[in-house]
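Below is one structure, written out as structure tokens; the observations come after it.
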Amino acid sequence: MLKAWHEAQVNRIELELQAAALAEMRLQKEEVEEDLSRYTGLYEQAPACYLSLSRSGRIDGANRAAASLLRHARAELIGMPFEQFIAPSSQPDWRGLLARLDRQGQPSAVEVQLQEELGGAHRVRLEANYNARSGGCRIILSDISDWHAREMALQRAFAMLDSLDEGMALTNASGRIVSVNPAFSQLTAYPPATALGRSLRFLRHREPGAAFYADIWRSLLCRGSWQGEAWGQRADGGEFLAALSLKVMRDPDGRPANLLAVFSDITQRKRAEMALRELHRELDARVRLRTSELAQANAHLRQLSAHLAEVKEAERKRIAREIHDELGQNLLALRIDISMLQARAGARHPRLQQRASLALENVDATIRSVRNIINELRPAVLDLGLHAALEWLVRDFAVRGQFDCRLQVAGDALLERIDAESGVVLFRIVQESLSNVLRHAAASHVRVELAEEGDTVLLLVEDNGAGMDASQRDKPGAFGLLGIAERVEAMGGALSIVSAPRDGCCLSVRLALPARA
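Residues in the sequence shown are numbered from 0 upward in steps of one, following numbering that gives the first Met the number 0.
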């Protein structure tokens with residue numbers, strides 16, 4: 000009886016232990032299932048791409064991210080060779096990865112390019128782990144296209160910076176150099192190892208003073224940059240003048256993180272500029288000297304021209320007087336003698352009377368020619384005043400040119416203020432202007448006006464003829480206009496000619512008048 004009770008107790012204890020073990024196993028199973036569900040969810044929802052491959056390299060499992068990257072449904076991926084998704088250029092790298100896994104059994108990684116058909120040139124990183132149980136592998140795919148593009152862009156940027164002729168140095172927030180480009184070493188003769196960790200001030204050669212640094216810091220604080228020139232010293236002791244540019248680089252929070260210094264050696268350029276400035280100064284001095292000499296020569300020429308004009312006018316007057324006094328009187332006496340001979344011959348000597356008449360006509364013609372010559376040299380009417388001389392001149396040209404020629408004079412008050420020298424100059428200008436109208440203008444109307452404008456006398460000669468352009472005024476051989484300009488300049492006056500082809504011409508001259516008494 001006791002034995003049966005003991006066995007019953009043992010069985011009860013065994014049952015309790017078995018029940019407790021079953022409960023614990025049930026709990027462990029639930030935990031395992033919960034962990035499996037959690038890890039399955041993580042596997043499915045993970046942004047990384049997970050793939051399981053068989054020993055032959057075919058896909059036997061993929062999460063959603065991998066299916067999205069490979070552009071296939073998950074069910075379609077099962078059994079497909081993974082290699083067909085890899086670009087031909089990257090397939091040798093992929094096969095090398097599989098060979099290393101099979102040979103070493105250690106995790107391995109490689110970067111490959113996926114096929115273009117997968118929506119662009121995706122660059123991915125493959126991290127593979129060997130699955131000893133199945134002989135296959137598990138793969139994690141990371142799309143590094145953006146990172147790779149940024150890396151390539153960064154490499155290109157560094158390549159461009161390394162190829163620049165300008166030296167570049169980057170300092171940290173403490174002002175210590177953390178990076179330099181090859182041109183920095185070429186310009187300063189300092190290798191990178193010597194420059195790194197030092198302040199930019201170790202390059203200075205001439206101490207610029209506190210004001211120089213104050214200007215730099217003020218510009219960096221206000222504008223974040225500074226540009227200027229500074230003297231530097233090479234490792235061999237030589238000095239150079241640098242065109243320097245400083246730029247503050249800030250971190251994402253806006254705090255100064257780095258200072259970028261870019262500089263170039265402008266020593267030779269500055270020397271050339273200084274030599275060029277010196278040459279300019281020398282040339283300017285020579286030009287000023289030559290200009291002064293030319294001005295003096297022009298002044299002498301103007302004085303000589305004015306003197307020649309005076310001498311010419313005086314010689315005209317002298318020749319005209321001598322012709323009038325000598326030749327004129329002789330011709331007059333000859334005419335009187337021939338007239339007396341003609342009268343005495345009468346009807347008794349008709350042939351002699353006829354010859355005397357012809358001789359008398361010749362003498363009269365000669366007298367008229369002499370008078371014209373005298374008038375061309377210096378009209379005697381000039382002695383009667385400018386107004387009378389201009390009236391005679393206008394009538395003479397109106398008859399000779401068969402055009403309407405009119406004279407307008409402001410009044411006697413103006414004529415009284417015009418001195419003899421200015422009167423002769425005005426007369427000669429009108430004479431030359433009317434001669435030009437007669438020879439070139441083919442005008443039907445000419446107006447000559449003499450007016451007063453304050454302390455100046457204004458002379459206008461205007462016609463409605465053919466006109467002319469600037470090239471005709473400036474062409475060689477235009478001595479008439481040149482003579483007028485010389486006369487006006489010698490008198491300190493101003494000359495203006497307004498003309499256009501087929502639109503007539505207007506010549507205006509302004510000469511200063513003596514002050515009123």
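The beta carbon of each residue, even a glycine, is placed where N, CA and C say it ideally should be.
Identify which residue in the options has its Cα closest to the Cα of residue i.
i, options, result
"leucine 433", "Leu457, Leu389 and Ile265", "Leu389"
"alanine 440", "Gln401, Ala419, Gly196 and Asp411", "Gln401"
"serine 368", "Leu326, Arg446, Ala489 and Leu278", "Leu326"
"arginine 57", "Ala256, Ser88, Gln103 and Arg137", "Arg137"
"arginine 217", "Val310, Val247, Gln232 and Ser356", "Val247"
"alanine 448", "Leu506, Ala74, Arg73 and Leu169", "Reading off the sequence shown, one finds glutamate at residue 448, where the question assumed alanine. When only C-alpha atoms are compared, the closest one is Leu506."
"glycine 466", "Ala450, Arg354 and Val445", "Val445"
"tryptophan 225", "Arg54, Ala74, Arg394 and Ala242", "Ala242"
"valine 460", "Leu406, Gly479 and Arg416", "Leu406"
"glutamate 360", "Ile373, Asp382, Leu330 and Asn171", "Leu330"
"serine 141", "Ala65, Gln352 and Ala342", "Ala65"
"asparagine 257", "Leu199, Gln295 and Thr266", "Leu199"
"alanine 342", "Val286, Arg416 and Ser356", "Ser356"
"serine 263", "Arg276, Gln185 and Asp235", "Gln185"
"glutamate 206", "Glu238, Gly223 and Leu458", "Glu238"
"arginine 427", "Ala484, Thr187, Asp252 and Glu292", "Ala484"
"proline 106", "Ile85, Val123 and Tyr129", "Tyr129"
"alanine 409", "Val398, Leu457 and Glu375", "Leu457"
"glutamate 451", "Arg175, Pro513 and Ser244", "Pro513"
"threonine 187", "Gln232, Arg320, Asp418 and Leu69", "Gln232"
So for residue i, helix, strand or coil by DSSP?
i, result
"tyrosine 129", "strand"
"glutamate 75", "helix"
"glutamate 206", "coil"
"proline 446", "The question names proline, but residue 446 in the sequence shown is arginine. Here arginine 446 sits in strand by DSSP."
"glutamine 83", "helix"
"glutamine 302", "helix"
"glycine 135", "coil"
"glutamine 341", "helix"
"glutamine 114", "coil"
"isoleucine 143", "coil"
"arginine 122", "strand"
"aspartate 403", "strand"
"leucine 510", "strand"
DSSP puts residue i in a beta bridge; with which residues?
i, result
"serine 107", "Ala127"
"glutamate 228", "Ala242"
"glycine 60", "Ser51"
"glutamate 461", "Arg446 and Cys505"
"arginine 175", "Ser198"
"valine 408", "Leu449"
Using the rule of at least 16 other Cβ atoms within 10 Å of the residue's Cβ for burial, across every protein chain shown, is residue i buried or exposed?
i, result
"glycine 453", "exposed"
"histidine 560", "Nothing in the structure corresponds to residue 560, since the chain is present only between 0 and 516."
"phenylalanine 211", "exposed"
"asparagine 10", "exposed"
"aspartate 462", "buried"
"arginine 486", "buried"
"leucine 385", "buried"
"valine 424", "buried"
"proline 500", "exposed"
"cysteine 504", "buried"
"leucine 50", "buried"
"methionine 490", "buried"
"asparagine 297", "exposed"
"asparagine 371", "exposed"
"histidine 201", "Residue identity differs from the one stated: residue 201 is phenylalanine in this sequence, not histidine. By the 10 Å Cβ count, phenylalanine 201 comes out exposed."
"aspartate 363", "exposed"
"valine 179", "buried"
"isoleucine 12", "exposed"
"aspartate 164", "exposed"
"isoleucine 337", "buried"
"leucine 481", "exposed"
"serine 89", "buried"
Which residue comes first and which comes last in the alpha helix (DSSP H) that contains residue i?
i, result
"glutamate 420", "419–435"
"proline 181", "181–187"
"isoleucine 496", "From DSSP, isoleucine 496 is part of no alpha helix (DSSP H) but of the beta strand (DSSP E) over 493–498."
"glycine 400", "385–400"
"arginine 517", "This structure gives no information on residue 517, because the portion of the chain shown stretches from 0 to 516."
"serine 67", "63–69"
"alanine 194", "191–194"
Provide the residue span of the beta strand (DSSP E) that contains residue i, from first to last.
i, result
"alanine 242", "238–249"
"proline 255", "255–264"
"serine 51", "48–52"
"aspartate 454", "No beta strand (DSSP E) holds aspartate 454; DSSP gives it neither H nor E."
"glycine 518", "In the structure as shown, the chain starts at 0 and stops at 516, and residue 518 therefore has no counterpart that could be examined."
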